[in-house]
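A short worksheet on the structure shown next.
Residue numbers (this note's numbering), protein chains in the order written: chain D, 518 to 914; chain U, 9 to 277.
See the structure below:
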């Protein structure tokens with residue numbers, strides 16, 4: 518069974534680079550952004566075309582990036598730098614302004630390197646290390662106001678509250694629709710896979726937002742027709758995997774491909790390039806400060822330190838999403854030198870173990886040399902959770 | 009009227025050796041062990057054929073075959089493929105039901121595996137992209153000292169001192185070893201240091217999965233008495249004495265699973 522709208526979305530993605538070229542020729546500006554806390558609604562409301570810079574999986578570009586960034590920077594950042602060095606990516610080519618945030622300091626470093634070596638126009642949004650304190654929130658509001666001012670300069674216009682309200686409403690609708698679609702992939706007898714939904718989420722990084730919402734709504738209608746009453750339940754030993762950890766951008770499908778190849782079924786994620794940024798974003802006030810605080814009060818990125826392990830919002834959300842998806846095990850993906858997630862692997866494993874949820878850490882990079890070793894680990898993990906589920910089912914009988 | 013005998017085989021194709029174990033019902037019937045060649049299918053078949061020949065059987069006598077090891081992804085002779093992690097767990101549990109922790113050191117990787125009373129894996133960790141603590145590493149060291157691989161452990165145990173090694177990277181350890189030899193250190197003492205350095209590195213895997221008695225040591229490196237002693241000292245444990253060649257444990261586990269899968273599939277009652 519295929520969801521027809523997905524084909525339309527793939528076709529629209531193929532056409533998108535040309536579309537951007539034409540839009541720029543007509544005077545529109547494209548903002549390439551990356552960072553967990555970049556308030557995209559502000560970029561959109563200022564009339565820019567927002568494009569998310571998130572690519573991975575190309576070891577050659579990592580090597581190119583390593584000539585400018587440190588070889589100790591994570592492979593994602595090195596690939597981004599490499600892509601700017603080559604300037605062959607059709608989306609990177611079309612960016613007029615770049616908006617990076619400092620949630621992860623490696624991201625901040627990429628901004629510095631790209632500005633210094635490739636003379637690109639970069640705006641950086643500072644992010645506090647402690648967002649629970651009033652001082653942290655105040656700092657971020659000031660940063661968001663400054664970020665808005667810098668973008669206004671580049672847009673040649675002031676931020677209009679009515680336009681910002683429209684952008685917030687549009688993005689809220691996108692998030693709401695994505696959440697509804699996401700439910701279907703984890704359902705029993707699912708008509709859409711997690712992989713398809715993951716691609717669908719990432720299509721939103723590139724497509725026109727209004728059109729994207731329409732396509733999402735059409736996808737949802739189609740899904741509701743195909744499966745009127747989806748129910749999420751663990752179906753015996755189907756190897757239900759939840760993916761957590763470092764981001765998996767477009768172009769990087771190594772781990773996902775391995776999980777599928779060894780018979781695992783991905784049913785959920787809390788990836789920065791997955792569903793997580795679209796959850797729990799509550800913008801209470803239509804202003805740069807209101808939007809910024811909405812972003813800051815979501816589930817925090819792993820780059821921000823734990824203040825209290827027991828009440829950590831990221832771990833709490835991880836638990837909640839695992840429960841919702843009825844996942845039987847977590848594959849925790851850490852990219853080489855992605856310190857925020859790599860450093861926290863052990864305690865994440867320990868915290869989940871208390872709830873009987875097994876976690877496998879897969880530490881990797883974009884080179885293919887570790888493919889077989891990864892495959893063995895993932896396959897053994899899938900075997901482990903299937904055997905556990907089978908034993909539990911036998912005991913229940 | 010003759011009663012049909014049921015034979016189940018496990019074939020474990022590793023980077024350095026291919027192993028096969030044939031079970032007749034619940035008992036080990038025959039085994040085969042050959043060096044791995046470049047063709048993993050051929051290596052697996054050689055090991056299987058050796059076991060068949062030893063037992064006076066032909067492949068058609070086998071009810072079910074499970075392939076494991078890195079060669080499992082290309083094992084057309086097998087009914088099913090299972091990872092070596094699951095197989096080592098089953099193999100160790102078959103021999104010693106009290107085992108809860110397995111150290112598996114093979115030709116190209118090293119694993120820490122925790123299992124339950126049924127031989128099911130509850131957690132595991134593997135060495136990262138590095139040859140430290142593997143058969144390949146020890147092969148390189150044997151080459152440096154120009155001794156047989158199987159003599160390395162005994163030589164290390166004959167040491168009067170422990171020469172500390174700062175590196176477990178195969179390339180750096182080789183050059184460090186050459187420097188130590190040039191400095192006049194005795195080979196046995198250097199090897200003692202090498203074995204302890206590897207054992208300490210392996211301890212890190214157990215920090216991730218924990219350790220519980222009884223502890224079993226499997227894989228080709230488990231035949232190295234110096235490594236066994238160094239691990240016992242580093243982990244402060246006593247390793248269970250294996251009843252069969254520890255290099256055969258993965259193939260044994262595969263054979264145990266072959267028996268179990270074929271029963272589930274109704275191939276015998």
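Glycine included, each C-beta is placed from N, C-alpha and C at the ideal position. For clarity, every value in this text was computed on a predicted model and none was experimentally measured.
Chain-ordered neighbours of residue i on chain U, where CB pairs are closer than 7 Å
i	result
residue 880(D)	136
residue 894(D)	134
Below-8 Å beta-carbon distance, residue i vs any chain U residue
i	result
residue 861(D)	no
is_contact[residue i, chain D] using C-beta, thresh 8 Å
i	result
residue 264(U)	no
residue 78(U)	yes
residue 47(U)	no
residue 42(U)	no
residue 19(U)	no
residue 90(U)	yes
Chain D contact residues for residue i, given Cβ-Cβ distances below 8 Å
i	result
residue 94(U)	897, 900, 901, 904
Residue j beta carbon less than 8 Å from that of residue i
i	j	result
residue 465(D)	residue 594(D)	Since the displayed chain D opens at 518 and closes at 914, residue 465(D) lies outside it and no answer follows.
residue 99(U)	residue 142(U)	no
residue 41(U)	residue 260(U)	no
residue 785(D)	residue 759(D)	yes
residue 816(D)	residue 801(D)	no
residue 218(U)	residue 112(U)	no
residue 849(D)	residue 762(D)	yes
residue 118(U)	residue 18(U)	no
residue 597(D)	residue 619(D)	no
residue 864(D)	residue 826(D)	yes
residue 189(U)	residue 202(U)	no
residue 559(D)	residue 681(D)	yes
Coarse secondary structure for residue i, derived from DSSP in three states
i	result
residue 161(U)	helix
residue 699(D)	helix
residue 95(U)	helix
residue 88(U)	strand
residue 633(D)	helix
residue 25(U)	strand
residue 877(D)	strand
residue 785(D)	strand
residue 226(U)	strand
residue 750(D)	coil
residue 850(D)	strand
residue 825(D)	coil
residue 110(U)	strand
residue 646(D)	coil
residue 565(D)	coil
residue 816(D)	coil
residue 768(D)	coil
residue 809(D)	helix
residue 585(D)	coil
residue 149(U)	helix
Partner residues on chain U for residue i, Cβ-Cβ distance less than 8 Å
i	result
residue 875(D)	130, 131
residue 908(D)	126, 128
Any non-hydrogen atom of the ligand GDP closer than 7 Å to residue i Cβ
i	result
residue 555(D)	Among the ligands in the structure shown, none appear at all, so the ligand GDP cannot be discussed.
Contact residues within the segment 735-769 of chain D, judged by C-beta distance below 9 Å to chain U: If the cut-off is 9 Å between Cβ atoms, the segment 735-769 of chain D has nothing near chain U.
In the segment 576-590 of chain D, which residues sit with their C-beta less than 7 Å from some C-beta in chain U, listed in chain order? Identification of residues in the segment 576-590 of chain D having a C-beta nearer than 7 Å to some C-beta of chain U yields an empty set.
Mind checking the segment 92-123 of chain U against chain D and listing, in chain order, the residues whose C-beta falls within less than 8 Å of any C-beta there? From the segment 92-123 of chain U, only 92, 93, 94, 117 have a Cβ closer than 8 Å to chain D.
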